[in-house]
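Engineer: First the structure, then my questions, so here it is.
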Amino acid sequence: MKTWKKIVGSGVVFIASVMLVACGNGGKSSSNTDGNKTDFTGEKLTIGVWGGNEAEEVSLDKMIQTFEKDTGAKIEKKVYTDYNTQIQADMVGKTAPDVFYVDSQMYPFFSQNGMLEKLDAKKFDSDKFYDSLIKTFSTDGDLYAVPKDMSTLALYLNTEIFEKAGVSVDDVPSSYEEYVTWLPGFQKKIDEAYGAGKVFAMSYTPELSRNYQLAIRDDAQPIKKDGRSDLANKKVVENLTILKELVDTKAVVSPKDVGTGWNGEAFGTGKVAIMDEGNWVYQTLKTEFSDIPFAVKEMPTYKGTKGSMMFSVGWGKYSGTKQPELADKWIEYATSKDGMKNWVEGTGTLPSREDVAEAAKITDNPDLKIHLDAWDYATVWQDGVTLDTIRKSYENFLPEAINGSESFEKAMKQADEQANADIDAQ
């Protein structure tokens, strides 16, 4: 998943115990200025980011050059390799960057532990952004980070495989339930065209960040209000068993099962006909796997409702910054209409502002528009401060449920036990 997988760290709760003291002003406003200053000649701002792909790095460097030219300020880019662990250590040591990436998953931790300065929603044009994204980075109605972009999941279909198998992409079911009965027939036709075991009908990713939208159907709650894991909850288990039903068709495999590292590679090398993936794969397919023709569709429904996952990253201001006004100016620039347009055009991410979606002509691209429209029903990858701990346990025990060595209920019970033991220890 590229960028989204790089921000998962450990030691979150341990470092939180000293964070409120270490952050400096504890979240109170550190600026009494009116925000109208434009000349910052001689001043320096440090921005904290993780290492992205080449397109992201080039786009960020261009943004920095433009900002330095317009303001006279000097931007120092601090790139972390183990983002969450390292940035938390910097906060404890009071050496954190003035502004930094805030992933939607980690926002609850950063905000609850006083690391983020409250932002003026009007100043940052919050009414121009998609509502769900503003809510993602807000607490009790107050904004603490401005979303710089977003990504959602959609369905990708290799039209060449469909053609060789003699199946129309229009025959693809609209629901996961229908897939269970449809996939065996499709796989049989693929085997006839390519040979058994060469190409598979569909791939799946055994990660909670992909499966969470399934787990919460019918108002199921995999995480209790107190933050403890409840994956073995009867409703959650019932929701997730669709994964085993799909795999049991013998037509659905993980990227690892076909000797690849991720969905994009499995799909791009022609080993699977259907995958669900984020819009970050779109440009990869166009450039690295340009010989693969594909179509994009909405994710299948489940239990009668639409679903997808949404991933977002915002720019947040460190509560201990000594450059509050310059920090605001950077966030304003990076998330402005022009700044965001340049960013999404260079990186292939989706804009978090509605006006940028039109300005960057995302709405004119029918494939990307499917991703964009999912903002209205997608599940944001965020659910309290214990989500990452629970994610790890889920992914440790899911294979046992999928391969049948344990019942789904027992596997999830074991995941709960491990996650809650880790939560108690922290």
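Going left to right, the sequence shown walks through residues -24 to -1, 1 to 402 as mature numbering (1 follows the signal peptide of the UniProt record, and there is no 0) numbers them.
Every residue, glycine too, gets a C-beta built ideally from N, C-alpha and C.
This one's a predicted model, so the numbers in the text were calculated from it and none came from an experiment.
Compare the Cα-Cα distances from Q163 to each of Y294, A196 and T225 and report the closest residue.
Structural biologist: The residue you call residue 163 lines up with position 187 of the sequence shown. Q163 has its Cα closest to that of T225, out of Y294, A196 and T225.
Engineer: For the 8 Å Cβ check, are there 3 or more pairs between the segment 299 to 306 and the segment 369 to 379?
Structural biologist: No: the two stretches stay apart, fewer than three of their Cβ pairs being nearer than 8 Å.
Engineer: Does DSSP put I268 in a helix, in a strand, or in coil?
Structural biologist: On the sequence shown, position 292 is the one that residue 268 refers to. Coil at I268, not helix or strand.
Engineer: Is any non-hydrogen atom of the ligand COA found closer than 7 Å to the C-beta of N379, if you look at the structure I gave you?
Structural biologist: Ligands displayed in this structure: none; no statement on the ligand COA is therefore possible.
Engineer: For T362, is the classification buried or exposed, using 16 other Cβ atoms within 10 angstroms of its Cβ as the cut-off for buried?
Structural biologist: Taking the first residue of the sequence shown as 1, we reach residue 362 at position 386. T362 is buried by the Cβ-count criterion.
Engineer: Which value, in whole angstroms, describes the spacing of the CA atoms of A377 and M388?
Structural biologist: By 1-based counting over the sequence shown, the position of residue 377 is 401. By 1-based counting over the sequence shown, the position of residue 388 is 412. Each residue's alpha carbon lies about 8 Å from the other.
Engineer: Report the option in D118, E139, S205 and A242 whose CA atom is closest to the CA atom of R367.
Structural biologist: Counting from one through the sequence shown, the residue named residue 367 turns up at place 391. Among D118, E139, S205 and A242, the Cα nearest to that of R367 belongs to S205.
Engineer: By the DSSP assignment, the beta strand (DSSP E) with M251 in it spans what residues?
Structural biologist: Here residue 251 is taken as the residue at index 275 of the sequence shown, counted from 1. Residues V248 to G254.
Engineer: Could you pull out every unbroken alpha helix (DSSP H) segment of at least 4 residues lying fully inside the segment 201 to 257, listed in chain order?
Structural biologist: The segment 201 to 257 contains these whole alpha helix (DSSP H) runs: 210 to 223 and 239 to 244.
Engineer: Going by beta carbon distance, what residues of the same chain come within less than 6 Å of Q299, once the five residues before and after it are set aside?
Structural biologist: By one-based count along the sequence shown, residue 299 stands at place 323. Excluding positions up to five away in sequence, the list reads L21 and D74.
Engineer: Below 8 Å on the Cβ atoms is my guess for G27 versus I137; work out the distance and round it to an integer in Å.
Structural biologist: One-based indexing of the sequence shown puts residue 27 at position 51. One-based indexing of the sequence shown puts residue 137 at position 161. That belief does not hold up - the Cβ atoms of G27 and I137 are roughly 34 Å apart, past 8 Å.
Engineer: From the DSSP output, read off the bridge partner residues of N341.
Structural biologist: In the sequence shown, counting from the first residue as 1, residue 341 sits at position 365. In DSSP, N341 forms no bridge with anything.
Engineer: Rounded to the nearest angstrom, what separates Y56 and S150 at their Cα positions?
Structural biologist: If you number the sequence shown from 1, residue 56 lands on position 80. If you number the sequence shown from 1, residue 150 lands on position 174. When rounded, the distance between both Cα atoms is 41 Å.
Engineer: Please name the residue in I218, N239 and S102 whose C-alpha comes closest to that of P276.
Structural biologist: Sequence index remark: in the sequence shown, residue 276 carries index 300 (1-based). Residue I218 is the option with its Cα nearest to P276.
Engineer: Counting C-beta neighbours from all protein chains within 10 Å, is the total for A397 16 or more, i.e. buried, or is it exposed?
Structural biologist: Against the sequence shown, residue 397 aligns to sequence position 421. So A397 ends up on the exposed side.
Engineer: Within the continuous alpha helix (DSSP H) that includes T365, where are the two ends?
Structural biologist: Numbered from its first residue, the sequence shown carries residue 365 at position 389. L363 to N379 is the span of the alpha helix (DSSP H), which, as asked, contains T365.
Engineer: Report buried or exposed for S230, applying the criterion of at least 16 other Cβ atoms within 10 angstroms of its Cβ.
Structural biologist: Your numbering for residue 230 matches position 254 in the sequence shown. It counts as buried.
Engineer: Are the segment 39 to 46 and the segment 85 to 93 in contact at 8 Å, needing three or more beta carbon pairs?
Structural biologist: No, the segment 39 to 46 does not touch the segment 85 to 93.
Engineer: Using the Cβ count rule (16 or more neighbours within 10 Å means buried), how would you classify P198?
Structural biologist: Within the sequence shown, residue 198 is the residue found at index 222, counting from 1. Flag for P198 reads buried.
Engineer: Thinking C-beta only, is P123 closer than 8 Å to G290?
Structural biologist: Counted from its first residue, the sequence shown places residue 290 at position 314. Counted from its first residue, the sequence shown places residue 123 at position 147. Yes, Cβ-Cβ distance for G290 and P123 is below 8 Å.
Engineer: Report buried or exposed for F384, applying the criterion of at least 16 other Cβ atoms within 10 angstroms of its Cβ.
Structural biologist: One-based indexing of the sequence shown puts residue 384 at position 408. The residue in question, F384, is buried, as its Cβ has 16 or more Cβ neighbours within 10 Å.
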